[in-house]
Amino acid sequence: MRKQEGINAISKAMAALPTQLSGTILKHIHSLTDYEPVIGIMGKTGAGKSSLCNALFAGEVSPVSDVAACTREPLRFRLQAGERFMTIVDLPGVGESDSRDAEYAAMYRQQLPRLDLVLWLVKADDRALAVDERFYRQVIGEDHQHKVMFVISQADKIEPVSGNAEGLSMPQQQSIHRKTEILNTLFTPVHPVCAVSVRMKWGITQMAERMIRCLPREASSPVAARLQNPLRTTRVKETARTDFGEAVGDVLDSVAAMPFVPQIARTVIRYVRNAVVSVARSVWDFFF
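Just so you know, we're using the working numbering here: the sequence shown kicks off at 32 and counts up by one.
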């Protein structure tokens, strides 16, 4: 019911447009609200992929286990919340077997175009990153590096390990800072590196906020809707709300650019564009 109210509000803002054009625009906006994001999560055995997914997203995503690294094909998990879906692709980490790395390279090249974002987990105590760097530059390549967000996982295990149950000690936080600088030097990532400890519930909120900012406009809102409630912070919601408005604006721009649209209709679309975007932002909660 609320979704229809949102559609009605957007439709009202386009009242000056011919019915056929407004119908085309609304069809595209429906596709935006029903968009099914696909997020890849990769990392070596024991990096805590499943644990992080369970900490981020509502409901069980995948079983948490310490089984051997035996996955040669990506496992896919489709999450549902009401009528909304999201897919997690569990991607195998590299650097554990030369023979498998060759297989994985082909698999990644096939999967990357389908993914909205890749969460690349690097264990806080992992120093063997030469293979990771080569894989990032040669397989991920410049075409897809904007889709990768590096996450230092299991931050509580970084030296010097302390018995502090409340969070990371100051020396550990300094070590995490140095680890972040190492990753920045090795990979020169597009997005900021973040660090988390699922066990201590440390850094998860900041990571969720950064993840939403890294996603394409069409994906941030449906991903935000799948986050655990405590992670749906004001910053997360406002980022997603803004992205949704801009995505709606992109829809109007693309329709206005269609060759069959007469010049007078293009002028009207451009005239109502800002009002439609503003309404879309205001009714974001109706959709997500």
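The beta carbon of each residue, even a glycine, is placed where N, CA and C say it ideally should be.
| Check | Outcome |
| --- | --- |
| Residue of G276, F317 and V254 minimising C-alpha distance to T118 | V254 |
| Distance, L214 Cα to P220 Cα | 8 Å |
| DSSP three-state assignment for K232, whether helix, strand or coil | coil |
| Cβ neighbours of I207 in the same chain (closer than 8 Å, five flanking residues each side left out) | A155, I183, A186, I189, L199 and A226 |
| Distance, A133 Cα to P123 Cα | 12 Å |
| Nonlocal neighbours in the same chain, by C-beta distance under 6 Å from S228, ignoring five residues either side | A186 and D187 |
| Classification of P293 by the beta-carbon crowding that lies within 10 angstroms, buried from 16 upward | exposed |
| Whether V310 touches A44 by CB criterion (7 Å) | yes |
| Outcome for F88 when other beta-carbon atoms lying within 10 angstroms are tallied against a minimum of 16 | buried |
| Through-space distance from A271 to M238, alpha-carbon basis | 15 Å |
| DSSP-derived helix/strand/coil call for S200 | coil |
| contact_flag[the segment 160 to 170, the segment 127 to 141] where n(CB pairs < 8 Å) is 3 or more | yes |
| Sequence-distant residues of the same chain with beta carbon closer than 6 Å to Y167, five excluded per side | F218 |
| Collapsed DSSP secondary structure at L217 in the structure displayed | helix |
| DSSP-derived helix/strand/coil call for K75 | coil |
| Exposure of K75, with buried meaning 16 or more beta-carbon neighbours within 10 Å | buried |
| Beta-carbon proximity list for I243, same chain, < 7 Å, skipping 5 on both sides | S251, V254, A255, V267, T270 and A271 |
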